[in-house]
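Trainee:
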Amino acid sequence: MKKPSPRWPSHPRSLHSWQLARLRSYLRDTVLPFSAHYRRMFAKEKLSPDQLRSVDDLRRIPFTSKSDFLPGSDGSDPVRDFVLVPDRAVLSRRPSTILRALLHGKASVAEGFEREFRPLLLTSTTGRSAEPVPFVYTAQDIENLKVGGARVYEVCGANREMRMMNMFPFAPHLAFWITHYGGAEFGTFVLGTGGGKVMGTEGNMRLMKKIKPDVLVGMPTFLYHLLLGVVKEGIELPNLQKIVLGGEKAPSGMRRKLRALAQQMGAPKIDVLRSYGFTEAKMAWAECPFDENAGSAGYHIHPDMSLIEIVDPKTGEPRGEGEPGEIVFTPLMARGSVVLRYRTGDCTDGGLFYEPCPFCGQQIPRLVGEISRNSEIRELQINKIKGTLVDFNRLEHVLDNVDHVGTWQLELRKHHDDPLDVDELVLHVAKADEYSDAQLRQMLDERFASEVEVHPNRIEFHSEDEMKTLQGTGTQLKEQRIVDHRPGANGNGAANKAGSERKSELSGQTQQ
Ligand SMILES: [Zn+2]
1 MKKPSPRWPS
11 HPRSLHSWQL
21 ARLRSYLRDT
31 VLPFSAHYRR
41 MFAKEKLSPD
51 QLRSVDDLRR
61 IPFTSKSDFL
71 PGSDGSDPVR
81 DFVLVPDRAV
91 LSRRPSTILR
101 ALLHGKASVA
111 EGFEREFRPL
121 LLTSTTGRSA
131 EPVPFVYTAQ
141 DIENLKVGGA
151 RVYEVCGANR
161 EMRMMNMFPF
171 APHLAFWITH
181 YGGAEFGTFV
191 LGTGGGKVMG
201 TEGNMRLMKK
211 IKPDVLVGMP
221 TFLYHLLLGV
231 VKEGIELPNL
241 QKIVLGGEKA
251 PSGMRRKLRA
261 LAQQMGAPKI
271 DVLRSYGFTE
281 AKMAWAECPF
291 DENAGSAGYH
301 IHPDMSLIEI
311 VDPKTGEPRG
321 EGEPGEIVFT
331 PLMARGSVVL
341 RYRTGDCTDG
351 GLFYEPCPFC
361 GQQIPRLVGE
371 ISRNSEIREL
381 QINKIKGTLV
391 DFNRLEHVLD
401 NVDHVGTWQL
411 ELRKHHDDPL
421 DVDELVLHVA
431 KADEYSDAQL
441 RQMLDERFAS
451 EVEVHPNRIE
461 FHSEDEMKTL
471 QGTGTQLKEQ
481 RIVDHRPGAN
491 GNGAANKAGS
501 ERKSELSGQT
511 QQ
């Protein structure tokens with residue numbers, strides 16, 4: 001089994017040709033012989049791996065996107081066509097197979113194929129109303145997950161003496177499993193609590209009191225609820241050095257609030273770091289510790305396992321170094337489920353950078369900037385005349401960045417619950433401090449108008465406990481920050497023009 005190599009050329013041009021060479025042999029030896037989808041695609045395009053000589057040539061491979069996973073009208077399941085299914089006749093012709101058979105015998109060859117191709121684990125996307133899309137891992141993918149996961153620990157500046165708590169939900173989701181396997185490979189103590197749904201906030205708090213963790217890993221909204229409880233109970237966590245976030249966005253305001261809570265628990269200086277990953281990558285990447293005043297150096301991407309491109313979200317044309325655009329992903333070592341040039345629908349306002357990281361000094365591609373989702377720009381029927389496009393990414397940033405707002409939920413409704421009436425936007429807020437309701441209401445109304453040119457129809461204030469219930473802390477796998485209560489929004493879709501894919505984003509949002 002091939003182990004990921006931590007060495008790669010540093011100069012962007014040499015790095016790209018090194019990655020293209022890896023891609024060509026990966027396509028030739030592994031993807032095209034065994035992937036039904038890409039065998040068909042390359043034949044249709046009359047494309048062979050040898051034609052991919054430069055980054056520009058990558059354009060010849062058509063994009064893959066979420067819509068390629070939707071079941072056909074004949075009931076066919078295209079997801080299966082993305083899984084590599086080995087053909088023994090082809091495998092037996094590989095030079096490495098012949099050598100292995102000579103050196104170690106046929107049984108060893110058969111065992112090698114098993115580890116390379118037999119699916120052992122599955123994680124899936126988190127859409128609630130759309131069918132989740134399953135991605136399978138073989139033993140070799142789990143090896144990649146271990147090595148890639150351990151690198152996330154390294155990038156975050158962890159050491160083996162640290163005690164950590166993995167508070168992502170026990171679920172077939174990438175976030176939990178990469179934290180689990182990465183920790184085992186890194187060789188440190190990582191206690192998985194399963195998050196709020198398994199042990200409740202109280203159970204998590206009891207364990208924190210006992211373990212006195214150095215590192216907490218989990219979703220920002222859940223950790224925020226949890227740390228509020230810890231502060232309220234007067235529990236001290238003086239060892240806490242890092243909070244590593246994943247699964248949803250965490251703009252600087254949210255990180256600032258988490259740091260302030262950590263200070264109240266007797267942890268004077270902590271790094272709050274984010275990770276970014278998605279089901280289709282079977283991998284995640286993290287920020288290294290950075291100076292908040294200078295801003296994050298971005299997600300550190302390991303170029304031996306993944307080839308990331310940034311493209312214009314409208315035209316699909318490649319963007320240059322440091323230019324913003326949509327994130328497109330191609331694996332270089334994956335087995336099991338494999339997608340090439342996968343359009344994530346996630347856009348960064350920064351871009352890819354190749355110079356050494358200003359904080360950790362590593363020469364490694366970095367994905368810099370705030371990441372938002374295309375699908376979170378939604379059309380609302382604010383008045384009867386025409387639809388209005390509202391950027392929910394920006395609303396999330398606004399809400400997370402207002403200091404007086406602790407947690408929040410945006411609710412979409414129909415006026416009078418009448419499917420034919422106009423849409424309403426209701427903002428639910430649990431305050432972080434004693435700031436006056438009237439002043440906060442006015443401030444939020446103004447921020448909405450200036451950022452997205454709509455006003456919330458109502459702003460309702462709630463206690464922290466009421467907000468936990470609204471968001472489903474302890475009952476849902478993920479806190480519900482944007483909910484759609486319009487008639488038909490979760491049923492036949494009559495009220496939601498955007499169709500089923502967008503609906504899933506309303507409740508599921510950022511993957512992992
Ligand atoms: Zn760094």
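So the sequence shown is residues 1 to 512, counted in the UniProt record's numbering. Positions of the beta carbon are idealized from the N, C-alpha and C atoms, including for glycine. Because the structure is a prediction, the values reported are computed rather than measured.
Indicate, with yes or no, if ligand 1 has a heavy atom lying under 8 Å from the CB of residue 203.
Mentor: No, Cβ of residue 203 sits at least 8 Å from all heavy atoms of ligand 1.
Trainee: Whose beta carbon lies closer than 5 Å to any heavy atom of ligand 1, going through the chain in order?
Mentor: Taking each Cβ in turn, the ones that pass are 288, 297, 357, 359 and 360.
Trainee: Kindly indicate which three-state DSSP category residue 269 falls into: helix, strand or coil?
Mentor: Correct three-state label for residue 269: coil.
Trainee: What does a CB cutoff of less than 6 Å around residue 244 pick up in its chain, not counting 5 residues either side in sequence?
Mentor: Cβ neighbours of residue 244 beyond the five flanking positions: 156, 217 and 273.
Trainee: What does residue 243 pair with, by DSSP beta-bridge criteria?
Mentor: Partner(s): 216 and 272.
Trainee: Indicate whether residue 397 and residue 410 have their beta-carbon atoms separated by less than 9 Å.
Mentor: The answer is no: Cβ separation not under 9 Å.
Trainee: So residue 479 and residue 473 are supposed to be a Cβ contact under 8 Å. How far apart are they, rounded?
Mentor: Contact holds; Cβ gap of about 6 Å.
Trainee: So, do the segment 277-287 and the segment 431-438 have three or more beta carbon pairs nearer to each other than 8 Å?
Mentor: The segment 277-287, when compared against the segment 431-438, does not touch it at the 8 Å Cβ threshold.
Trainee: Can you give me the start and stop residues for the alpha helix (DSSP H) that residue 25 sits inside?
Mentor: Taken as a continuous stretch (DSSP letters only), the alpha helix (DSSP H) holding residue 25 covers 12-26.
Trainee: Look up residue 192 in the DSSP assignment and say whether it is helix, strand or coil.
Mentor: DSSP places residue 192 in strand when its eight states are reduced to three.
Trainee: Name, in chain order, the residues that DSSP records as bridge partners for residue 333.
Mentor: DSSP output for residue 333 lists no bridge partner at all.
Trainee: Rounding to the nearest angstrom, what Cα-Cα distance links residue 468 and residue 482 in this structure?
Mentor: C-alpha separation (whole angstroms): 14 Å.
Trainee: So residue 382 and residue 422 are supposed to be a Cβ contact under 8 Å. How far apart are they, rounded?
Mentor: Residue 382 to residue 422, Cβ: 6 Å. Contact.
Trainee: In angstroms, rounded to a whole number, what distance separates the CA positions of residue 99 and residue 368?
Mentor: Rounded to whole angstroms, residue 99 to residue 368 spans 43 Å at the Cα level.
Trainee: Output the distance between the C-alpha atoms of residue 151 and residue 186, rounded to the nearest integer angstrom.
Mentor: Rounded to whole angstroms, residue 151 to residue 186 spans 8 Å at the Cα level.
Trainee: Specify, as a first and last residue, the run of the alpha helix (DSSP H) that residue 180 falls within.
Mentor: It spans 174-186 - the alpha helix (DSSP H) in which residue 180 sits, taken as one unbroken run.
Trainee: Taking the straight line between their C-alpha atoms, what separation do you get for residue 265 and residue 191?
Mentor: When rounded, the distance between both Cα atoms is 20 Å.
Trainee: Output the distance between the C-alpha atoms of residue 223 and residue 252, rounded to the nearest integer angstrom.
Mentor: Residue 223 and residue 252: Cα-Cα distance of roughly 15 Å.
Trainee: Using a Cβ-Cβ cut-off of 8 Å (strictly less than) and excluding sequence neighbours within five positions of residue 15, which residues of its own chain qualify?
Mentor: So the qualifying residues of the chain are 8, 9, 303, 354 and 365.
Trainee: In this structure, how does DSSP classify residue 283 when only helix, strand and coil are distinguished?
Mentor: Correct three-state label for residue 283: strand.
Trainee: So, at 7 Å on beta carbons, what are the nonlocal neighbours of residue 491 in its own chain, with the 5 sequence-adjacent residues on each side left out?
Mentor: Residue confidence is low: residue 491 scores 39 on pLDDT, short of 50, so the model does not pin down where it sits. No coordinate-derived value is stated.
Trainee: If I'm right that residue 83 touches residue 337 with Cβ under 8 Å, what's the distance once you round it to whole angstroms?
Mentor: Residue 83 to residue 337, Cβ: 5 Å. Contact.
Trainee: Look at the alpha carbon of residue 76 and the alpha carbon of residue 137, and state the distance between them as a whole number of angstroms.
Mentor: The alpha-carbon atoms of residue 76 and residue 137 are separated by roughly 22 Å.
Trainee: Is it true that the CB of residue 63 sits closer than 9 Å to the CB of residue 276?
Mentor: Cβ distance not < 9 Å, so residue 276 and residue 63 don't count as in contact.
Trainee: For the beta strand (DSSP E) containing residue 462, list its first residue and its last residue.
Mentor: Run containing residue 462: 458-462, per the beta strand (DSSP E) assignment.
Trainee: Run through DSSP, which three-state label would residue 386 get?
Mentor: Three-state DSSP puts residue 386 in coil, outside helix and strand.
Trainee: Taking the CB atoms as reference points, tell me whether residue 52 and residue 40 lie closer together than 9 Å.
Mentor: For residue 52 and residue 40, no; Cβs fall outside 9 Å.
Trainee: Check whether the Cβ atoms of residue 135 and residue 279 sit closer than 9 Å, and answer yes or no.
Mentor: A contact, by the Cβ cut-off of 9 Å.
Trainee: Which class does residue 35 belong to by DSSP, given the choice of helix, strand or coil?
Mentor: Of the three classes helix, strand and coil, the one that applies to residue 35 here is coil, per DSSP.
Trainee: Label residue 449 either buried or exposed according to how many other C-beta atoms from any shown protein chain fall within 10 Å of its C-beta, with 16 as the threshold for buried.
Mentor: Flag for residue 449 reads exposed.
Trainee: Could you tell me if residue 326 is buried or exposed, where buried requires 16 or more neighbouring beta carbons within 10 angstroms of its beta carbon?
Mentor: So residue 326 counts as buried.
Trainee: Residues in the same chain with beta-carbon distance under 7 Å from residue 404, minus the five sequence neighbours each way, listed in chain order, please.
Mentor: Excluding positions up to five away in sequence, the list reads 431, 432, 433, 435 and 440.
Trainee: Out of 231, 44 and 241, which one is the CA nearest neighbour of residue 213?
Mentor: The shortest C-alpha separation from residue 213 is found at 241.
Trainee: Skipping 5 residues on each side, what residues in its chain have a beta carbon closer than 8 Å to that of residue 476?
Mentor: For residue 476, where only same-chain residues beyond five positions count, the Cβ hits under 8 Å are 197.
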